[in-house]
Amino acid sequence: MILGIESSCDETAAAVVEDGRRLRSSIVASQVEIHHRYGGVVPELASRKHIETILPVVTQALDQAGVAPGDIEALAVTQGPGLVGSLLVGFSFAKGYAYGLGIPWVGVNHLEGHIHSAFLDEHPPDFPFVALLVSGGHTALYHVTSFTAAELMGQTRDDAVGEAYDKVAKVMGLGYPGGAVIDRRAAAGDPARVPFKRPFLDKNGFDFSFSGIKSAVNRFVQSHAEELTDLRDHIAAGFQEAVVDVLTHKLLAAAKQQGCGRIAVVGGVAANRRLRERVRSAGAAQGLAVHIPSVAFCGDNAAMIAAVGYHYLQQGMRGGLGDDVYSRNLR
Ligand code: KG4
Ligand code: ZN
667 MILGIESSCD
677 ETAAAVVEDG
687 RRLRSSIVAS
697 QVEIHHRYGG
707 VVPELASRKH
717 IETILPVVTQ
727 ALDQAGVAPG
737 DIEALAVTQG
747 PGLVGSLLVG
757 FSFAKGYAYG
767 LGIPWVGVNH
777 LEGHIHSAFL
787 DEHPPDFPFV
797 ALLVSGGHTA
807 LYHVTSFTAA
817 ELMGQTRDDA
827 VGEAYDKVAK
837 VMGLGYPGGA
847 VIDRRAAAGD
857 PARVPFKRPF
867 LDKNGFDFSF
877 SGIKSAVNRF
887 VQSHAEELTD
897 LRDHIAAGFQ
907 EAVVDVLTHK
917 LLAAAKQQGC
927 GRIAVVGGVA
937 ANRRLRERVR
947 SAGAAQGLAV
957 HIPSVAFCGD
967 NAAMIAAVGY
977 HYLQQGMRGG
987 LGDDVYSRNL
997 R
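At the far end of the sequence shown sits residue 997, using my numbering, and the numbering has no gaps.
Spelled out as structure tokens, the structure:
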């Protein structure tokens with residue numbers, strides 16, 4: 667019975683997971699309302715809010731799971747990458763909580779957490795599989811060969827795809843965070859009305875680049891200010907179609923290169939309806955098994971952190987009181 671804790675960005679989350687993948691509870695407290703008016707996450711405000719929220723969220727996760735603190739056998743907590751001040755709240759809390767209960771704990775890589783969200787599903791993928799990780803901070807392709815081994819095949823050289831979604835929404839005056847709004851707007855638009863060049867970078871390679879399309883949308887918006895109200899949905903659709911084209915193409919090409927029959931999409935942007943639809947249909951056409959977590963486990967959550975922790979704890983890995991968080995990806 668593992669308690670997972672996540673606080674790497676602007677979500678305070680706790681979850682209880684049994685045997686590595688049986689979900690007993692998952693609580694996610696979003697700070698969106700606090701950061702909304704600033705058009706992005708304000709790190710200092712995020713840290714302060716995590717401090718207020720962490721204990722109530724953990725208590726709620728235990729209550730929902732129907733367990734007492736004494737029933738928790740181990741603890742897993744996000745160690746990085748993320749905002750240092752935010753990470754420190756969950757990480758320090760976890761250390762103290764585990765020390766108080768006298769139970770083992772382990773620090774977890776947030777990106778590995780997103781990959782493990784695929785295992786929380788009713789039909790988890792077999793190994794190996796190729797995973798496309800698309801979030802607000804990262805965009806990468808991995809060849810995943812076991813619960814604790816993944817080879818990086820490619821990644822973004824500039825912006826993450828979620829970051830591009832957020833910036834495009836911002837320049838169109840659609841608020842923060844932008845992913846879900848663009849998703850909704852795009853569904854009402856015609857992607858052929860305002861087309862954007864597909865940011866393939868290198869069509870045969872697995873690296874990504876999204877800063878160019880972000881600037882192209884910005885330029886288009888600046889030069890069409892008068893017609894913006896009429897064009898918003900079409901711009902959203904044109905941007906989204908270009909991005910989804912590239913993501914789908916590279917994911918399928920990566921699976922082909924690995925001779926791998928299974929693909930997964932994980933991370934906050936995996937909630938995108940168009941991306942889910944395109945990957946599902948393109949994957950099916952190639953005879954691939956497609957794994958995309960339910961929307962609740964695409965965004966940041968603690969169940970995925972507990973799921974990773976289970977495997978590291980089983981391998982004997984333990985966190986120590988001297989361990990620290992890290993802002994950039996290490997592993
Ligand atoms: O994984 P996540 O919750 O946090 C990070 O680890 O970054 O991802 C958040 C990102 C944000 O950029 C948000 O705009 C994007 O995921 N996102 C979406 C959708 N829902 C959230 N992007 C596109 N379509 C969506 N429906
Ligand atoms: Zn994340």
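Positions of the beta carbon are idealized from the N, C-alpha and C atoms, including for glycine. Note that this is a predicted model, so its numbers are computed, not measured.
| Check | Outcome |
| --- | --- |
| Glycine 736 versus Thr719, Val743 and Ile769, residue with shortest Cα-Cα distance | Ile769 |
| Chain-order list of residues whose beta-carbon lies under 7 Å from that of histidine 782 (same chain, five-residue window excluded) | Met970, Ala973 and Val974 |
| Lysine 880 at chain B interface by Cβ criterion, 9 Å | This model lacks chain B altogether, as it is built from one protein chain only. |
| DSSP-derived helix/strand/coil call for phenylalanine 757 | helix |
| Inter-residue spacing [alpha-carbon to alpha-carbon] between asparagine 775 and valine 931 | 18 Å |
| Minimum C-alpha distance to glutamine 952 - residue among Gly933, Thr914 and Gln730 | Thr914 |
| C-beta contact flag for glycine 706 and tyrosine 842 at 9 Å | yes |
| Buried or exposed (CB count within 10 angstroms, at least 16 for buried), histidine 890 | exposed |
| DSSP-derived helix/strand/coil call for glycine 746 | strand |
| Cβ contact check for the region 797-807 and the region 908-924: 3 or more pairs under 8 Å | yes |
| Near the ligand KG4: isoleucine 929 beta-carbon under 8 Å from a heavy atom | no |
| Straight-line Cα distance separating arginine 940 from valine 910 | 7 Å |
| Exposure of serine 674, with buried meaning 16 or more beta-carbon neighbours within 10 Å | buried |
| Near the ligand KG4: cysteine 926 beta-carbon under 8 Å from a heavy atom | no |
| Where the alpha helix (DSSP H) through threonine 822 begins and ends | Taken as a continuous stretch (DSSP letters only), threonine 822 belongs to no alpha helix (DSSP H), as it is neither H nor E. |
| Validate contact between the region 737-744 and the region 698-705 using beta carbons, cut 8 Å, 3 pairs | no |
| Reference threonine 822, options Ser875, Lys715 and Arg864, closest by Cα | Ser875 |
| DSSP-derived helix/strand/coil call for histidine 804 | coil |
| Buried versus exposed, by CB contacts within 10 Å (16 or more), valine 981 | Correcting the residue type first, residue 981 is glutamine in the shown sequence and not valine. It is exposed - the Cβ of glutamine 981 has fewer than 16 other Cβ atoms within 10 Å. |
| Pair within 9 Å by beta-carbon distance, leucine 777 and asparagine 995 | yes |
| Extent of the continuous alpha helix (DSSP H) to which isoleucine 668 belongs | Where isoleucine 668 is concerned, there is no enclosing alpha helix (DSSP H), although the beta strand (DSSP E) it sits in stretches over 668-672. |
| Residues sharing a beta bridge with histidine 957, DSSP | Ala930 |
| Any non-hydrogen atom of the ligand KG4 within 8 Å of histidine 716 CB | no |
| Close-in-space but distant-in-sequence residues of the same chain around aspartate 832 (CB under 8 Å, 5 per side omitted) | Gly706, Gly802, Tyr842, Pro843, Gly844 and Gly845 |
| Valine 837 beta carbon less than 9 Å from that of valine 887 | yes |
| DSSP three-state assignment for alanine 858, whether helix, strand or coil | coil |
| Cβ pair tyrosine 765, leucine 669 closer than 9 Å | no |
| Exposed unless 16 or more other CB atoms sit within 10 angstroms - verdict on threonine 719 | buried |
| Glycine 773 - containing beta strand (DSSP E), residue span | 771-775 |
| Inter-residue spacing [alpha-carbon to alpha-carbon] between aspartate 729 and arginine 690 | 10 Å |
| Bridge-paired residues (DSSP) for alanine 815 | Ser812 |
| Buried/exposed call for glycine 871, threshold 16 Cβ in 10 Å | exposed |
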